[in-house]
Amino acid sequence: GVWSEPLPRCGVITCTSPNIQNGDVAEGQRAVYHPGANVTFQCRPGYVLWGSHEAKCQPNGRWAPAIPTCEPGEHRHTGGLERGC
167 GVWSEPLPRC GVITCTSPNI QNGDVAEGQR AVYHPGANVT FQCRPGYVLW
217 GSHEAKCQPN GRWAPAIPTC EPGEHRHTGG LERGC
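For what it's worth, our numbering labels the leading residue of the sequence shown as 167, then goes sequentially.
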């Protein structure tokens, strides 16, 4: 038999650097992200996080859950549960 083109190649799978506009990687910052690497995100002052504050590099080279976004706004902490009947 004859191999068809292109020939398969082996390589190391990594995830791209998890850039978040108007935010930062709070924990887990590194030069290369291999599958299993975890990161935690935080937004800059004046922005609110939409999505998960954590993500994990998957074996397919993608982040899961998806990288969140930081939208303009202020986080409002109510200080506890509201009373009700």
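Virtual Cβ for every residue (Gly too), placed ideally from N, Cα, C.
With a 10 Å radius around its C-beta and 16 neighbouring C-beta atoms as the bar for buried, classify Val-205 as buried or exposed. One-based indexing of the sequence shown puts residue 205 at position 39. Buried, by the Cβ-count rule.
Can you tell me where the beta strand (DSSP E) with Glu-220 in it begins and where it stops? For the purposes of this step, residue 220 is identified with residue 54 of the sequence shown, where counting begins at 1. That run of the beta strand (DSSP E) goes 220 to 223.
Through-space distance from Val-198 to Asn-226, alpha-carbon basis: As a position in the sequence shown, residue 226 is number 60, starting the count at 1. As a position in the sequence shown, residue 198 is number 32, starting the count at 1. Taking the straight line from one Cα to the other gives about 15 Å.
Residue burial classification, Cys-251 (beta-carbon count within 10 angstroms, cutoff 16): Numbered from 1 along the sequence shown, position 85 holds the residue referred to as residue 251. Reliability fails at Cys-251, whose pLDDT of 47 lies under 50, so the model's placement of it is uncertain and no value is given.
In terms of residue numbering, what span does the beta strand (DSSP E) encompassing Leu-173 cover? Within the sequence shown, numbered from 1, the residue matching residue 173 stands at position 7. Taken as a continuous stretch (DSSP letters only), Leu-173 belongs to no beta strand (DSSP E), as it is neither H nor E.
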